[in-house]
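Participant:
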Amino acid sequence: MRLRGKKGALSQLEQMTSLVVLEPEAHKGKWSSLFGNDNPIWVEFGMGKGQFITQMSLKYPHINFIGIDMYDELLSRASEKAMKAVEGLETDLPHPANLKLVRTNVETIENVFAENELERVYLNFSDPWPKKRHARRRLTHFRFVEKYIHIMNELGEIHFKTDSETLFESSLNSFADMELIMRRISLNLHRGGMNEEHVMTEYEQKFMGKGMNIHRVEVVVGEEAIRKYREEKQQEKRRAAVEEKDEQEEN
Numbered sequence: 001m002r003l004r005g006k007k008g009a010l011s012q013l014e015q016m017t018s019l020v021v022l023e024p025e026a027h028k029g030k031w032s033s034l035f036g037n038d039n040p041i042w043v044e045f046g047m048g049k050g051q052f053i054t055q056m057s058l059k060y061p062h063i064n065f066i067g068i069d070m071y072d073e074l075l076s077r078a079s080e081k082a083m084k085a086v087e088g089l090e091t092d093l094p095h096p097a098n099l100k101l102v103r104t105n106v107e108t109i110e111n112v113f114a115e116n117e118l119e120r121v122y123l124n125f126s127d128p129w130p131k132k133r134h135a136r137r138r139l140t141h142f143r144f145v146e147k148y149i150h151i152m153n154e155l156g157e158i159h160f161k162t163d164s165e166t167l168f169e170s171s172l173n174s175f176a177d178m179e180l181i182m183r184r185i186s187l188n189l190h191r192g193g194m195n196e197e198h199v200m201t202e203y204e205q206k207f208m209g210k211g212m213n214i215h216r217v218e219v220v221v222g223e224e225a226i227r228k229y230r231e232e233k234q235q236e237k238r239r240a241a242v243e244e245k246d247e248q249e250e251n
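Position 127 (the sequence shown) corresponds to 127 in the UniProt record's numbering; numbering is contiguous.
This is the structure we're talking about:
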């Protein structure tokens, strides 16, 4: 992402202690305490200007959300979005109470979150790093995925969206090589019009406006999440078998 320097960004962030976390390592293993509840924690790595994470926090008030980026300029813009989002709402805070914006690098995310601390990870329109020699920098590379799995709990899931066909292809191969369960794979998420179930990012709106396809997949990694997934599949098979039997008897 190309950034324009935002004058005074850091000093602005330093004043927003209820929303912005500039030293997240101090909260490792204690994020629930920071939110003041035991609600599940969903994190977006590489939140950009913060539209997605802010809208998600409004849509799901009983989930705690953390938006992560490494640039002060982006945190500043995301904080402005968060404050604007609650205008006219009844709240004691100038931003959604279930939202934190964090400055850190995904490379060292294990220093920010403890084992089993998160429930869901969002990767939205990450840098595709198209050159083969840069593959290790992709946020869906196995070395990053291993970090996500370590800090997610038994319900852990990774939700990934991109406009890049090559990144999507390499990511699916990465997940497959790790023998992870993938579901709801889409090569064109908004086929036939915007999918109302999904909160849009700034990039997503831009790319849709250009007629580009949005690729998406959910990766199930937590033990309980895997158990539920397999149970759902077994139920689907049983229903299909009953329907097939009924159809044969009718014929």
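In this text, a Cβ means the ideal position worked out from N, Cα and C, and glycines have one as well. Note that the structure is a prediction, hence the values are computed from the model and not measured.
Measuring CA to CA, which of Asn153, Gly222, Ala78 and Glu243 is closest to Phe113?
Facilitator: Measuring from the Cα of Phe113, the nearest candidate turns out to be Asn153.
Participant: Taking 7 Å as the threshold (C-beta atoms), are Phe65 and Leu99 in contact?
Facilitator: Yes, Cβ-Cβ distance for Leu99 and Phe65 is below 7 Å.
Participant: Run through DSSP, which three-state label would Asp177 get?
Facilitator: Helix.
Participant: Is the region 74–87 in contact with the region 41–51, if contact means three or more CB pairs nearer than 8 Å?
Facilitator: The region 74–87, when compared against the region 41–51, does touch it at the 8 Å Cβ threshold.
Participant: Please state whether DSSP places Ile226 in a helix, a strand or coil.
Facilitator: Residue state, collapsed to three classes: helix.
Participant: Which residues mark the beginning and the end of the beta strand (DSSP E) in which Asp69 is found?
Facilitator: From DSSP, the beta strand (DSSP E) with Asp69 extends over Asn64 to Asp69.
Participant: Can the beta-carbon of Val219 be found less than 7 Å from the beta-carbon of Ile158?
Facilitator: In contact: Val219 and Ile158 (Cβ atoms closer than 7 Å).
Participant: Give the range of the alpha helix (DSSP H) segment to which Thr54 is assigned.
Facilitator: Counting along the chain, the alpha helix (DSSP H) containing Thr54 begins and ends at Gln51 to Lys59.
Participant: Exposed or buried, what is Arg77 when buried is set at 16 or more other beta-carbons lying within 10 Å of its beta-carbon?
Facilitator: Its Cβ being crowded by 16 or more others within 10 Å, Arg77 is buried.
Participant: Provide the residue span of the beta strand (DSSP E) that contains Phe45, from first to last.
Facilitator: Segment Ile41 to Phe45, the beta strand (DSSP E) holding Phe45.
Participant: Quick one: what's got a C-beta closer than 7 Å to Leu75's C-beta in the same chain, skipping five residues either side?
Facilitator: Excluding sequence neighbours, Leu75 sits near Leu13, Val20, Asp69, Leu101 and Arg103.
Participant: Quick check: what's the CA-CA separation for Arg184 versus His198?
Facilitator: Rounded to whole angstroms, Arg184 to His198 spans 13 Å at the Cα level.
Participant: Does the CB of Thr17 have a neighbour CB from chain C at under 7 Å?
Facilitator: Protein chains in the displayed structure number just one, and chain C is not present.
Participant: As a quick exercise: from Ala26, Trp42, Glu110 and Asp38, pick the residue whose alpha carbon is nearest that of Ile151.
Facilitator: Nearest C-alpha to Ile151: Glu110.
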